[in-house]
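S.K.: Just so we're aligned, residue 6 is where the sequence shown starts under UniProt numbering, counting upward by one.
Note that beta-carbon positions come from the ideal geometry of N, C-alpha and C, so glycine has one too.
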Amino acid sequence: GPSVVLEGVTKSYGATRALDGVSLEIAAGSFVALVGQSGSGKSTLLKTINRLVEPDAGTVRIGDADVRGGPSHALRRRIGYVFQGIGLFPHMSVAENIAVGLRITGERDNTARVADLLALVDLPGDAAARMPDQLSGGQRQRVGVARALATQPRLMLMDEPFGALDPVTRDDLGRAVRALHDRLGLTTILVTHDMAEALLLADRVLVMKAGGIVADATPAELARGG
Ligand code: ADP
Ligand code: ADP
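1) Ordered along the chain, which non-local residues of its own chain (more than five positions away) have a Cβ less than 8 Å from that of S43?
2) Could you please give me the residues that DSSP links to R180 through a beta bridge?
3) With DSSP as the reference, label V196 as helix, strand or coil.
4) Take every Cβ of the region 67-84, pair it with every Cβ of the region 95-104, and state whether three or more of those distances are shorter than 8 Å.
5) Using the DSSP secondary-structure output, state which residues sit across from S17 in a beta bridge.
6) With which residues is K214 paired in a DSSP beta bridge?
7) Per DSSP, what kind of secondary structure is G63 in: helix, strand or coil?
8) At least one CB of chain D closer than 8 Å to the CB of I84: is that the case?
9) To the nearest angstrom, report how far apart A155 and G149 are at their CA atoms.
10) In angstroms with no decimal places, state the Cα-to-Cα distance between T49 and G130.
11) Take the Cβ of Q144 as the centre, count every other Cβ of all protein chains shown within 10 Å, and call the residue buried at 16 or more, exposed below.
12) Is the closest heavy atom of ligand 1 to the C-beta of K214 under 7 Å?
13) Short check: CB of G34 to CB of G68, under 8 Å?
Pasting the structure below:
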């Protein structure tokens, strides 16, 4: 995947400064966890990268491109985004939910691509015909990940994707996401409030507080330093 570089990124909502001049370089191919208390700016930071949020000041670059160049839908095709709570469409089958991701690329016969994407996230082929409420919570999150991968992005942004899951399922899915990262050569940024999860999965952990990054270390460094 590509590198991601933020320089002096600032964003306020009224009097609330959600991001306070964040500068940051994420190396191509790395898996970065973004941790911090609720309200510290994690989601806002993630959203500036795919232009769901426009910064008031500062620049965001992905690879060589400034993300302000070109239409945001073209940018988003190259970025996988797993939303908080995932949000599958309840009235659509698994295959149709994944096709929502695929449709952006204009592909017509999706059956083979859907099967490939299900296999990628270790779901059985017959899951394609099921409705979201016929899946377990963990399986639903896997569909969300498959949908995010439908456009073959090289950069993966994940906002608390495992939030609603029990610890065992959470652990399973975390490892699956890390394995996908390695296998597909992605650059991954994972927002989580769970430091243990960050330490387990990431190459680098960034801690946010009040719109700024207050710690930046590898899991090994954090384990040593406490
Ligand atoms: P986190 O993801 O760490 O919980 P957020 O990035 O969601 O933090 O929020 C950072 C701050 O910005 C919080 O104070 C939050 O209430 C505020 N905020 C975020 N989005 C909006 C919005 N759309 N409108 C107003 N305030 C917002
Ligand atoms: P544009 O500026 O290109 O019109 P918008 O910000 O209006 O884009 O978003 C268009 C639609 O795409 C919205 O419904 C939004 O929820 C959705 N969207 C935004 N970002 C993403 C994303 N990363 N993945 C999937 N859908 C997204």
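M.R.: From the atom records:
1) H198.
2) Looking at the DSSP assignment, R180 forms no beta bridge with any residue, so it has no partner.
3) V196 falls in the strand class under three-state DSSP.
4) The region 67-84, when compared against the region 95-104, does not touch it at the 8 Å Cβ threshold.
5) Note: S17 sits in a beta bridge opposite R22.
6) DSSP lists G217 as partners of K214.
7) Three-state DSSP puts G63 in a strand.
8) Absent from the structure is chain D; it holds one protein chain and no more.
9) Whole-angstrom Cα-Cα distance: 10 Å.
10) Roughly 36 Å between the two C-alpha positions.
11) Result: buried.
12) Residue side-chain check: K214 keeps its Cβ at 7 Å or more from all non-hydrogen atoms of ligand 1.
13) Taking 8 Å as the Cβ cut-off, G34 and G68 do not qualify as a contacting pair.
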